[in-house]
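Participant: Before anything else, here's the structure in question.
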Amino acid sequence: MSAERGGVDFDRVIPRRGTGCLKWDGAAERFGAEVLPMWVADMDFAAPDTVITALQERLNHPIFGYPGNEGTMLQAAADWLARRHDWRPESDAIACISGVVPALYAAVRAFTQPGEAIIVMPPIYPPFMTAVEDNGRKLLLAPLIADDTGHYRMNWDALEIAVQRAKLLILCSPHNPVGRVWTPEELQRLGTLCADADCVVVSDEIHADLSQHPHSPFPSRFPRSILLTSAGKSFNLAGLGGGVSVIPDAGLRRTFLTEVRRSQIQHTNLFALTAMTGVWRHGAEWQSALRGYLADNARFISEYLMRELPEVGYRQPEFGYLAWLDVHHYGNDETLARRLLQAGLGLNPGPSFGPGGEGFLRLNFATPRSILEEGLGHLRQALHR
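Everything in the sequence shown is counted per my numbering, starting at 759 for the first residue and increasing by one.
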C-alpha cells in the first residue's frame, strides 16, 4: 500500500484539535469524554491544492460582497457530472442550494402536506428521518434487507405497498450507512415503481463521487425526480456548505424552487462557490488518488478484523469511507456504548440510523493509516472487555 497517491500524501497526520471542527473539538461534548473521533462524515485529509489556491486568490481581494458567479459553478457542476458519471443535464435543470440537508427539508414541504407519509429505507442517514418528522409528516419505513454476508438490498415487498400510500420517497444513493452503490437494475425497478404510483423521488447523491463502482444519477433515468449533491463529502469541503439541485422535469423544478426561495436557501456562499468551481474543474486527479487510498483503508480494516476481531461482521463498502460494523456478538447497544467510551473511541451508534441499526457501529475511515490503526486498536480493546 503506497503512502503517497497521485502526488498526495494521505498518510500525513494534520492536527485538527483547536480548529473549531465538530469531529474533533465537538467530540467531548457529544460523547461525554475525550475520545479518538471516527464518527461524523468528514475527512482528516487536506483539501486539494486547487481549493487552497483558489480560496487564497479570492482572499487576496479584500472585499467579500454578494457573489454573482453562480452560473460559473453550475456549469462546472454540469461538466463534472458528464465526466464523472456520464450524464450531462440541461443547463436550466441545475440550481444552487445552500446545502443538501436544507434542500431535503424543502423537498418535504414542496411535495407533501402535514400529516402525509414519506418513504425512507432504514438504516439511513438520520436527517432523512428528522426532515420528515420536523415538518409534521409521517415516516413510512421500507427497511432494507441484509443477507448473511452483510449485503443489503431494497425491500421490494414493502416498497410496493408503501408507494401506494406516499407522494414522496427519499433515496440515499449511494446508501449511507450500509455501503451500497445501487445498480442500474435496482434503480430502474425503483424508478418504475415510483413513476407508476406518481411518487416523487428525491435522491441524495452527495457520496456518489466516491463510488468504487459505476454510479447512475437517478434523474438520468427518471426525469421526474430530484438530485441533490455537493462537493462537500468528496473533496472535504463540508464546512463551506453549498450544493446544487438537478431536476430535468420543468414542472417539478418550479414546485421545488418555489419552496427553495420561500425558505431562502437558493444561494451558495462566496467561498463555497469558489471552492466547488475549482474542484469540479480541476479536482479529478486528486479524487482518483483519494478513492485509491480509501480502498486501501477499507482492505486494511478487513484484514485487521479477520485477524483480531473475526466475529465482527464487515463487508467492504462500495463507496466512500464509512464502515458498517456488525457487533451483535459483543453485547447490546448500551453495553457497547459504555465499552467504547471506556476505550476512548467515538463512533456512530447503529440505532441512530433507525430500525435495523441495532447491534451496529459506523466507523469513519477517511483518516491517515496510522490513526485508523490506532482506532481499530481502541475498538479491539472495547470489544474484548
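Backbone N, C-alpha and C define an ideal beta-carbon position, used for all residues, glycine too.
1. Taking the CB atoms as reference points, tell me whether residue 878 and residue 928 lie closer together than 8 Å.
2. In angstroms with no decimal places, state the Cα-to-Cα distance between residue 1053 and residue 871.
3. Nearest-angstrom Cα distance between residue 1074 and residue 962?
4. Measuring straight from C-alpha to C-alpha, what distance separates residue 769 and residue 1058?
5. Might you give, ordered along the chain, the residues of its own chain that have their beta carbon closer than 6 Å to the beta carbon of residue 1143, omitting 5 neighbours on each side?
6. With C-beta atoms as the reference, is residue 986 less than 8 Å away from residue 839?
7. Taking 8 Å as the cut-off, does the region 795-803 touch the region 1097-1107 (at least 3 CB pairs, one atom from each stretch)?
8. What does the Cβ neighbour count give for residue 1076, buried or exposed, with the cut at 16 atoms within 10 Å?
9. Leaving out five residues before and five after residue 951 in sequence, what residues of the same chain have Cβ atoms less than 7 Å from its Cβ?
10. Quick one: give me the first and last residue of the alpha helix (DSSP H) that residue 1060 is part of.
11. Leaving out five residues before and five after residue 1115 in sequence, what residues of the same chain have Cβ atoms less than 6 Å from its Cβ?
12. Put residue 1141 into one of helix, strand or coil per three-state DSSP.
13. Return the CA-CA distance between residue 903 and residue 909, expressed in angstroms with no decimal places.
14. Of all the options 974, 1070, 999, 1056, which has the alpha carbon lying nearest to the alpha carbon of residue 1029?
15. Can the beta-carbon of residue 913 be found closer than 8 Å to that of residue 932?
16. So for residue 1124, helix, strand or coil by DSSP?
17. Give every residue of the same chain whose Cβ lies closer than 8 Å to the Cβ of residue 786, excluding the five residues on either side of it in the sequence, and list them in chain order.
18. DSSP on residue 1103, reduced to helix/strand/coil?
19. Could you tell me which of 1049, 1072, 816, 1091 sits nearest to residue 970, measuring between CA atoms?
20. How many Å lie between residue 808 and residue 945 at the Cα?
21. By Cβ distance below 8 Å, which residues in the same chain neighbour residue 907 in space, the five residues on each side in sequence not counted?
22. In the DSSP output, which residue or residues are listed as bridge partners for residue 910?
23. Starting from residue 1010, trace the alpha helix (DSSP H) both ways and give me its first and last residue.
24. Evaluate residue 817 with the Cβ neighbour count: other Cβ atoms within 10 Å of its Cβ, from every protein chain shown; 16 or more gives buried, anything less gives exposed.
25. Determine the closest residue to residue 964 out of 1024, 958, 938, 991, with distance taken between C-alpha atoms.
26. Name, in chain order, the residues that DSSP records as bridge partners for residue 795.
27. Would you list, in sequence order, the uninterrupted beta strand (DSSP E) runs of no fewer than 3 residues that lie entirely inside the region 898-972?
28. In or out: residue 1034 buried (at least 16 other Cβ within 10 Å) or exposed?
29. Hey, would you say residue 1004 sits closer than 8 Å to residue 847, going by beta carbons?
30. So, does the CB of residue 841 fall closer than 8 Å to a CB anywhere in chain D?
31. According to DSSP, is residue 759 part of a helix, a strand, or is it coil?
32. Keeping to the same chain, check which residues put their C-beta closer than 7 Å to that of residue 759; ignore five residues upstream and five downstream.
33. What residue range does the alpha helix (DSSP H) around residue 810 cover?
34. Roughly how many angstroms lie between the CA atoms of residue 925 and residue 968, to the nearest whole one?
35. Give the single residue among 1032, 1046, 1007, 806 whose Cα lies nearest to the Cα of residue 833.
36. By Cβ distance, which residues of its chain are closer than 6 Å to residue 1008, with the 5 residues on each side in sequence left out?
Facilitator: The answer reads as follows:
1. Working through the sequence shown from its first residue, we reach residue 878 at position 120. Working through the sequence shown from its first residue, we reach residue 928 at position 170. In this structure, residue 928 lies closer than 8 Å to residue 878 by Cβ.
2. Within the sequence shown, numbered from 1, the residue matching residue 1053 stands at position 295. Within the sequence shown, numbered from 1, the residue matching residue 871 stands at position 113. So the alpha carbons of these two residues sit roughly 42 Å apart.
3. Sequence index remark: in the sequence shown, residue 1074 carries index 316 (1-based). Sequence index remark: in the sequence shown, residue 962 carries index 204 (1-based). Roughly 21 Å between the two C-alpha positions.
4. Mapped onto the sequence shown, residue 769 falls at position 11. Mapped onto the sequence shown, residue 1058 falls at position 300. The straight-line gap from Cα to Cα measures roughly 14 Å.
5. Counting from one through the sequence shown, the residue named residue 1143 turns up at place 385. Correct list, in chain order: 1097.
6. Numbered from its first residue, the sequence shown carries residue 986 at position 228. Numbered from its first residue, the sequence shown carries residue 839 at position 81. Not a contact, by the Cβ cut-off of 8 Å.
7. yes
8. Position 318 of the sequence shown, counted from the start, is the residue given in the question as residue 1076. The residue in question, residue 1076, is buried, as its Cβ has 16 or more Cβ neighbours within 10 Å.
9. Residue 951 sits at position 193 when you count from the first residue of the sequence shown. So the list reads 917, 918, 921, once near-sequence residues are dropped.
10. Your numbering for residue 1060 matches position 302 in the sequence shown. Start and end: 1042-1066.
11. Taking the first residue of the sequence shown as 1, we reach residue 1115 at position 357. So the list reads 881, 1108, 1109, once near-sequence residues are dropped.
12. Counted from its first residue, the sequence shown places residue 1141 at position 383. The answer is helix: DSSP assigns residue 1141 an H, G or I state.
13. Mapped onto the sequence shown, residue 903 falls at position 145. Mapped onto the sequence shown, residue 909 falls at position 151. Those two C-alpha atoms are separated by around 8 Å.
14. In the sequence shown, residue 1029 corresponds to position 271, counting from 1. Looking at the Cα atoms, 999 is the closest of the given residues.
15. To locate residue 913, count along the sequence shown from 1; it is residue 155. To locate residue 932, count along the sequence shown from 1; it is residue 174. Cβ atoms of residue 913 and residue 932: not closer than 8 Å.
16. Start at 1 with the first residue of the sequence shown, and residue 1124 comes out as number 366. In this structure, residue 1124 counts as coil in the three-state DSSP scheme.
17. For the purposes of this step, residue 786 is taken as the residue at position 28 of the sequence shown. Excluding sequence neighbours, residue 786 sits near 792, 793.
18. Mapped onto the sequence shown, residue 1103 falls at position 345. DSSP places residue 1103 in strand when its eight states are reduced to three.
19. Position 212 of the sequence shown, counted from the start, is the residue given in the question as residue 970. Answer by Cα proximity: 1049.
20. Position 50 of the sequence shown holds residue 808. Position 187 of the sequence shown holds residue 945. The straight-line gap from Cα to Cα measures roughly 34 Å.
21. On the sequence shown, residue 907 is found 149 positions in, with the first residue counted as 1. Excluding residues within five positions, the ones whose Cβ falls inside 8 Å are 1073.
22. For the purposes of this step, residue 910 is identified with residue 152 of the sequence shown, where counting begins at 1. BP columns for residue 910 point to 904.
23. To locate residue 1010, count along the sequence shown from 1; it is residue 252. Taken as a continuous stretch (DSSP letters only), the alpha helix (DSSP H) holding residue 1010 covers 1008-1020.
24. Indexing the sequence shown from 1 puts residue 817 at position 59. With fewer than 16 Cβ atoms within 10 Å of its Cβ, residue 817 is classed as exposed.
25. Position 206 of the sequence shown holds residue 964. When each option's Cα is compared against that of residue 964, the closest is 991.
26. Locating residue 795 in the sequence shown gives position 37, counting from the first residue. Residue 795 pairs with 1104.
27. 924-930, 958-962
28. Sequence index remark: in the sequence shown, residue 1034 carries index 276 (1-based). Buried: at least 16 other Cβ atoms inside 10 Å.
29. Working through the sequence shown from its first residue, we reach residue 1004 at position 246. Working through the sequence shown from its first residue, we reach residue 847 at position 89. Closer than 8 Å, so yes.
30. The question asks about chain D, but that chain is absent: this structure has only one protein chain.
31. Your numbering for residue 759 matches position 1 in the sequence shown. Caution is warranted here: a pLDDT of 43 is assigned to residue 759, below 50, making its placement in the model unreliable, and no coordinate value can be reported.
32. Within the sequence shown, the letter at position 1 stands for residue 759. Bear in mind that the predicted position of residue 759 carries a pLDDT of just 43, short of 50, making it too unreliable to give a figure here.
33. Here the question's residue 810 lines up with position 52 in the sequence shown. That run of the alpha helix (DSSP H) goes 807-817.
34. As a first step, residue 925 must be located in the sequence shown, where it is residue number 167. As a first step, residue 968 must be located in the sequence shown, where it is residue number 210. Each residue's Cα considered, the two are about 30 Å apart.
35. Counting from 1 along the sequence shown, the entry for residue 833 is found at position 75. Of 1032, 1046, 1007, 806, the residue nearest in Cα terms is 1032.
36. Taking the sequence shown and counting its residues from 1, the one referred to as residue 1008 is at position 250. Taken in chain order, the list of residues that qualify is empty.
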